[in-house]
Amino acid sequence: MSNTGVGSGQPSQEERVCVVAGPIVVGAGPSGLAVAASLSRLSVPSLIIERSDGIAHLWRHCAYDRLSLHLPKHFCELPHFRFPAHYHTYPSKAEFVDYLQAYAEHFDLHPVFRCEAVAARYDPTASMWRVSTVHGSCEGEEEEVKVEYLSPWLVVATGENAEPVVPEVKGMEVFKGGVLHSSEYRNGLDYEGKKVLVLGCGNSGMEMCLDLCEHGAFPFMSVRSRLHVLPREMLGFSTFELAMRLCKLFPVRLVDKILILLAWFAIGDMGKYGLKRPKIGPMELKKTTGKTPVLDVGAMKLIKRRKIKVVAEVESLTMNGAKFADGREMEFDSVIFATGYRSNVPILLKAKTTAKDSPLHDELPAVFSENGKPKTPFPKGWKEANGLYYVGFTGRGILGASLDAVKAAQDIADRWKEVS
0 MSNTGVGSGQ
10 PSQEERVCVV
20 AGPIVVGAGP
30 SGLAVAASLS
40 RLSVPSLIIE
50 RSDGIAHLWR
60 HCAYDRLSLH
70 LPKHFCELPH
80 FRFPAHYHTY
90 PSKAEFVDYL
100 QAYAEHFDLH
110 PVFRCEAVAA
120 RYDPTASMWR
130 VSTVHGSCEG
140 EEEEVKVEYL
150 SPWLVVATGE
160 NAEPVVPEVK
170 GMEVFKGGVL
180 HSSEYRNGLD
190 YEGKKVLVLG
200 CGNSGMEMCL
210 DLCEHGAFPF
220 MSVRSRLHVL
230 PREMLGFSTF
240 ELAMRLCKLF
250 PVRLVDKILI
260 LLAWFAIGDM
270 GKYGLKRPKI
280 GPMELKKTTG
290 KTPVLDVGAM
300 KLIKRRKIKV
310 VAEVESLTMN
320 GAKFADGREM
330 EFDSVIFATG
340 YRSNVPILLK
350 AKTTAKDSPL
360 HDELPAVFSE
370 NGKPKTPFPK
380 GWKEANGLYY
390 VGFTGRGILG
400 ASLDAVKAAQ
410 DIADRWKEVS
């Protein structure tokens with residue numbers, strides 16, 4: 000059974016307003032697929048709209064080749080569908096994309112592709128969400144098609160990584176080398192023999208430096224703040240699983256001390272290489288700020304061998320390189336911003352109405368902060384008033400998104416039964 004909720008899901012040139020039978024799900028990544036599949040199992044139709052041309056756009060087109068899941072596969076399964084047994088413990092990018100495609104096929108999910116949600120407003124008079132969309136021009140069409148979808152329920156599943164973040168760095172316009180964001184990086188084939196400055200020392204920054212080094216480049220990693228680096232596995236367990244087990248037995252601060260001690264035995268004191276730990280432990284830091292520790296997959300050995308060099312925060316770019324906060328200046332061939340992503344919820348839900356007396360809400364729902372993240376912490380941050388749900392904003396990765404998807408689907412199904 001198709002779950003578009005609007006027939007074929009592809010609007011004709013004449014359509015301008017369309018009432019959706021079930022909820023509108025914005026985003027066809029893991030979060031959107033998870034909630035739509037969970038709804039399908041509860042016999043609730045849904046309309047999935049996706050601005051790109053296929054599911055899991057971020058994984059397909061914005062992830063570097065060597066990327067794999069940082070957690071074992073049993074922690075990253077979407078609801079009601081297991082990973083194949085032959086997949087790697089930490090599935091590769093290609094394996095995860097294939098898994099998502101199989102997931103959509105298994106639950107007969109058919110998103111409306113090339114359909115961008117540009118604004119979503121709640122209409123209290125109609126008790127409906129009005130989602131304004133722009134459908135990309137198709138073959139044989141010269142103009143884009145604008146369609147407004149209406150539904151009592153809106154599920155925002157665009158996630159925390161909807162838009163690349165490229166900070167403004169002084170001198171960027173004069174730098175003569177190549178500049179790109181990590182979303183554009185695939186591998187180090189084109190960087191052999193080149194000096195590459197990587198801004199950012201999270202998981203992506205670390206892994207790109209590792210990849211660059213393995214392709215014969217000379218990576219320099221700019222570190223702005225303190226960070227926790229942990230081995231991906233400790234004592235025969237994934238670090239994530241070990242931490243979860245310990246948290247069931249001991250207070251968080253004691254767990255942090257255990258993890259830091261084990262990490263010290265595994266990778267040594269990284270402070271002398273320019274990587275200093277925060278005063279707050281990794282689990283407490285994650286809980287209070289959402290900042291995730293780096294899980295090392297090989298970069299630390301190369302940092303110790305000085306194959307990957309750690310440098311200070313960038314003060315400015317120059318014509319041929321960069322100046323650093325410690326006063327040093329170096330030349331580089333390329334600069335890569337491994338500076339992460341941000342949510343696009345503020346853009347979607349805070350679009351201004353055209354009329355001052357419009358009954359439609361034009362303020363960002365109080366549950367979201369200006370950076371597009373829920374103010375209510377996990378595990379309760381998945382629902383707002385007026386039929387608004389959001390999945391994939393927990394800061395807990397795929398596991399957290401899956402848990403939220405099941406809760407949101409069940410809540411919508413309960414209300415669906417009341418009005419059906």
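Quick note: the sequence shown uses numbering that gives the first Met the number 0, first residue 0, plus one each step. Cβ coordinates follow ideal geometry from the N, Cα and C atoms, glycine included.
Based on Cα-Cα distance, which residue from the options lies nearest to residue i?
i      : options                        : result
SER181 : GLY267, LEU398, VAL164         : VAL164
VAL195 : ASP97, ASP52, LEU209           : LEU209
LEU284 : LEU316, SER315, ARG225, ASP332 : ARG225
CYS75  : ALA62, LEU188, VAL133, ARG395  : ARG395
GLY158 : ASP410, ARG414, TYR388, MET127 : TYR388
THR238 : PHE323, THR338, LEU260         : LEU260
ARG276 : GLY320, ARG223, ARG231, GLU232 : ARG223
ILE47  : ASP64, PHE112, LEU149, TYR63   : PHE112
ASN186 : HIS60, LYS286, SER131, GLY176  : HIS60
GLY273 : CYS114, GLY170, CYS212, ASP325 : ASP325
ARG129 : TRP381, GLY170, SER401, ASN385 : ASN385
MET329 : ALA62, SER221, GLY201, PHE80   : SER221
PHE174 : GLY320, VAL390, LYS416, PHE392 : GLY320
VAL168 : ASP410, PHE336, SER91          : PHE336
Could you tell me how far apart the beta carbons of residue i and residue j are, in whole angstroms, since I believe they sit closer than 8 Å?
i      : j      : result
VAL178 : ALA407 : About 39 Å separates the two Cβ atoms, so there is no contact after all.
ILE266 : MET243 : The pair is not a contact, with the Cβ atoms about 21 Å apart (cut-off 8 Å).
ALA36  : LEU108 : 6 Å
ASN343 : GLU162 : 5 Å
ARG57  : TYR89  : What sits at residue 57 in the sequence shown is Leu, not Arg. Contact flag wrong, Cβ pair sits at about 18 Å.
VAL405 : PRO78  : 5 Å
VAL34  : VAL25  : About 10 Å; that fails the 8 Å criterion.
VAL197 : PRO218 : 6 Å
VAL313 : PHE323 : 6 Å
ASP332 : LYS193 : 4 Å
ALA118 : GLY31  : 18 Å between Cβ atoms; not a contact.
LEU316 : GLY170 : 4 Å
Helix, strand or coil for residue i per DSSP?
i      : result
GLU94  : helix
HIS227 : coil
THR132 : strand
VAL390 : coil
MET127 : strand
LYS72  : helix
SER401 : helix
LEU432 : Nothing can be reported for residue 432: it is not among the residues displayed for the chain, which extend from 0 to 419.
LEU211 : helix
GLU240 : helix
ILE302 : helix
GLU232 : strand
LYS322 : strand
CYS17  : strand
LYS278 : coil
ARG414 : helix
GLU143 : coil
TYR148 : strand
LEU153 : strand
LYS169 : coil
LYS406 : helix
TYR190 : helix
GLU159 : coil
Assign residue i to buried or exposed, taking buried as 16 or more other Cβ atoms, counted over all protein chains shown, within 10 Å of its Cβ.
i      : result
TRP152 : buried
TRP263 : exposed
ARG50  : buried
VAL18  : exposed
ASP295 : buried
ALA84  : exposed
LEU348 : buried
GLY280 : buried
LEU188 : exposed
LYS72  : buried
MET318 : exposed
Taking the continuous beta strand (DSSP E) assigned at residue i, which residues delimit it?
i      : result
ARG317 : Correcting the residue type first, residue 317 is Thr in the shown sequence and not Arg. Per DSSP, THR317 belongs to no beta strand (DSSP E) and is neither H nor E.
ASP122 : 114-122
ASP295 : 293-295
PHE219 : 217-221
PHE336 : 333-336
MET329 : 328-330
ILE48  : 46-48
LEU198 : 194-198
VAL164 : Counting along the chain, VAL164 falls outside any beta strand (DSSP E), and DSSP gives it neither H nor E.
LYS23  : For the sequence presented, residue 23 should be read as Ile rather than Lys. Note, ILE23: beta strand (DSSP E), 23-25.
VAL111 : From DSSP, VAL111 is part of no beta strand (DSSP E); its letter is neither H nor E.
What are the boundary residues of the alpha helix (DSSP H) that includes residue i?
i      : result
HIS56  : 56-60
GLY177 : From DSSP, GLY177 is part of no alpha helix (DSSP H) but of the beta strand (DSSP E) over 177-180.
GLU283 : 281-288
PHE264 : 251-266
SER37  : 29-40
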